[in-house]
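Below you'll find the structure, written out as structure tokens, and then a few comments.
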Amino acid sequence: MSNHEFESHFGHPPSVASAAHGRVNLIGEHTDYCGGYVMPTLISQRLIVEMSARDDNRIHGLSSEFGSEDAACDDISQGSWLAFIKGAMMLMNEKGAKLTGLNVATTSTIPAGAGVSSSAAFEIALLRGLSEMTGLTLSRKEMAVMGQRIEHEFIGTKCGIMDQMAVAMAEMGQALFLDCETLDTQIITIDEACCIAVIHSGSSRKLSSSLYNERLSETIEAAKQMGHDSLRNAKFDDLDALSDETLIKRSRHVISENDRVKTAKAALKAGDMMALGLAMVESHVSLRDDYEVSSDELDQLVSEAISQGAYGARLTGAGFGGCIVALLPEDSADEIIEAIVQNCENAWLVDCL
Ligand code: GLA
Numbered sequence: 277m278s279n280h281e282f283e284s285h286f287g288h289p290p291s292v293a294s295a296a297h298g299r300v301n302l303i304g305e306h307t308d309y310c311g312g313y314v315m316p317t318l319i320s321q322r323l324i325v326e327m328s329a330r331d332d333n334r335i336h337g338l339s340s341e342f343g344s345e346d347a348a349c350d351d352i353s354q355g356s357w358l359a360f361i362k363g364a365m366m367l368m369n370e371k372g373a374k375l376t377g378l379n380v381a382t383t384s385t386i387p388a389g390a391g392v393s394s395s396a397a398f399e400i401a402l403l404r405g406l407s408e409m410t411g412l413t414l415s416r417k418e419m420a421v422m423g424q425r426i427e428h429e430f431i432g433t434k435c436g437i438m439d440q441m442a443v444a445m446a447e448m449g450q451a452l453f454l455d456c457e458t459l460d461t462q463i464i465t466i467d468e469a470c471c472i473a474v475i476h477s478g479s480s481r482k483l484s485s486s487l488y489n490e491r492l493s494e495t496i497e498a499a500k501q502m503g504h505d506s507l508r509n510a511k512f513d514d515l516d517a518l519s520d521e522t523l524i525k526r527s528r529h530v531i532s533e534n535d536r537v538k539t540a541k542a543a544l545k546a547g548d549m550m551a552l553g554l555a556m557v558e559s560h561v562s563l564r565d566d567y568e569v570s571s572d573e574l575d576q577l578v579s580e581a582i583s584q585g586a587y588g589a590r591l592t593g594a595g596f597g598g599c600i601v602a603l604l605p606e607d608s609a610d611e612i613i614e615a616i617v618q619n620c621e622n623a624w625l626v627d628c629l
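Using the numbering used here, the first residue of the sequence shown is number 277, and each one after it goes up by one.
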């Protein structure tokens, strides 16, 4: 889709255009909603939004993925993709904008349902565009928090803050270490001697929102039984306070994953790819056995990546399908990727950073 398509569909050129990249999480999975640590970076695929304001109270959307749809704002409910636009508009109005309706055209190269944050990219691109359109300046953090509110209040997904913070704050070639409780960030340049490959398993996320919400409730319950507000402050010794085997496993994942993110951050800073790779593999094992969010395809991809010479690999994003992220030596990355994709049916390379 181009400027030209916006114009031929809506009869005038867009007043603003904005973009946002997808993200891949290097490590720190299912820790964000527990107030823990994560370390994502951007992928090169991105989403573009073009917009103009409307005087009526309608939203007209044109998407390369969802086609064309229009509705009165009051009639847009959680199941519609127009709810993202409605959410962004309402939250901008809360900040003082006076928007009544919007024309929005969007086109994306970020695969949906792959665990690389196509939704967060849509939210942040919308907010960037609306900020420019209305002259209301928003900080990157404010945009991330508003993006998460769109998910919670207009889409019905009780996600953590990682995706929106990554998409709003990170830059290509840099990892963003994020403390999800304080929202403090640290930027770590990614060593050029390595390559980060994002490989799709060929199966998109299955039943993810119900299972995601189940995991969220389990971590809340576990923290409560241990006497903590969230699992962020839980220690391995606190596991003794739990009797339910599932809650023990979920908590063990979160506590150990937070430690691994800190180890991985130090390893990335020091350029120690072996140590970073090891933390990634341990993360995958924990997500598979304790958090139970992997799939046969993801497990196979991770094993194949390691046997082909990756420093490390793990599922990335919410799990239940989607992608793995693999850390590869730069000089043999192409051959390793080719072998993985050849040996794992349906797998395909999303990006190589
Ligand atoms: C999804 C959510 C994030 C995070 C990950 C798992 O991407 O949107 O907030 O919880 O899953 O780490």
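For every residue, glycine included, the Cβ atom is placed at its ideal position computed from N, Cα and C.
- At least one heavy atom of the ligand GLA lies closer than 8 Å to the C-beta of Thr433.
- Scanning the segment 323 to 403 for uninterrupted alpha helix (DSSP H) segments of 4 residues or longer gives 358 to 370, listed from N- to C-terminal end.
- The beta carbon of Ile464 sits no closer than 8 Å to any heavy atom of the ligand GLA.
- Between the beta-carbon of Cys628 and that of Ala473 there is about 5 Å, and that keeps the pair under the 8 Å contact cut.
- Burial is judged here by how many other beta carbons sit within 10 angstroms of a residue's own beta carbon; Asp610 has fewer than 16 and is exposed.
- Less than 9 Å separates the beta-carbon of Leu367 from that of Met422.
- Within a 10 Å sphere around the beta-carbon of Glu399 sit 16 or more other beta-carbons, which makes this residue buried.
- Rounded to the nearest angstrom, the gap between the Cα atoms of Arg322 and Ala517 is 45 Å.
- Gly423: member of the alpha helix (DSSP H) spanning 416 to 425, first to last residue.
- Assignment of Met315 by DSSP, reduced to helix, strand and coil, places it in the strand class.
- Selection His504, Asp572, Lys362, Phe282 evaluated against Asn333 yields Lys362 as nearest (Cα-Cα).
- Rounded to the nearest angstrom, the Cβ distance from Thr382 to Ile324 is 7 Å, consistent with a contact under 8 Å.
- Assigned with DSSP and collapsed to three states, Gly588 falls in strand.
- A straight line joining the alpha-carbon of Ala602 with that of Ala396 spans about 22 Å.
- Shown here, Ile431 sits in a helix according to DSSP, grouped into three states.
- By the beta-carbon neighbour count (other beta carbons within 10 angstroms, threshold 16), Leu552 is buried.
- Where Asp565 is concerned, the enclosing alpha helix (DSSP H) starts and stops at 549 to 565.
- In this structure, DSSP gives Ile475 an extended state, which the three-state scheme calls strand.
- With a cut-off of 8 Å on Cβ pairs, the segment 401 to 417 is in contact with the segment 285 to 301, counting three or more such pairs.
- Residue burial annotation: Ala581 is buried, with at least 16 other C-beta atoms found within 10 angstroms of its C-beta.
- Looking at the DSSP output, Arg299 bridges to Leu318.
- Spatial neighbours of His504 in its own chain (CB-CB distance under 8 Å, excluding positions within 5 residues in sequence) are listed in chain order as Ala510, Asp514.
- Around the beta carbon of Thr495, 16 or more other beta carbons sit within 10 angstroms, so the residue counts as buried.
- For Ser294, the pairing in a beta bridge is given by DSSP as Val325.
- Sequence-distant partners of Ser506 (beyond 5 residues in either direction) whose C-beta falls short of 7 Å from its own C-beta, in its chain, are Cys310, Gly311, Ala499.
- Assigned with DSSP and collapsed to three states, Val578 falls in helix.
- For Ile496, the secondary structure class from DSSP, reduced to helix, strand or coil, is helix.
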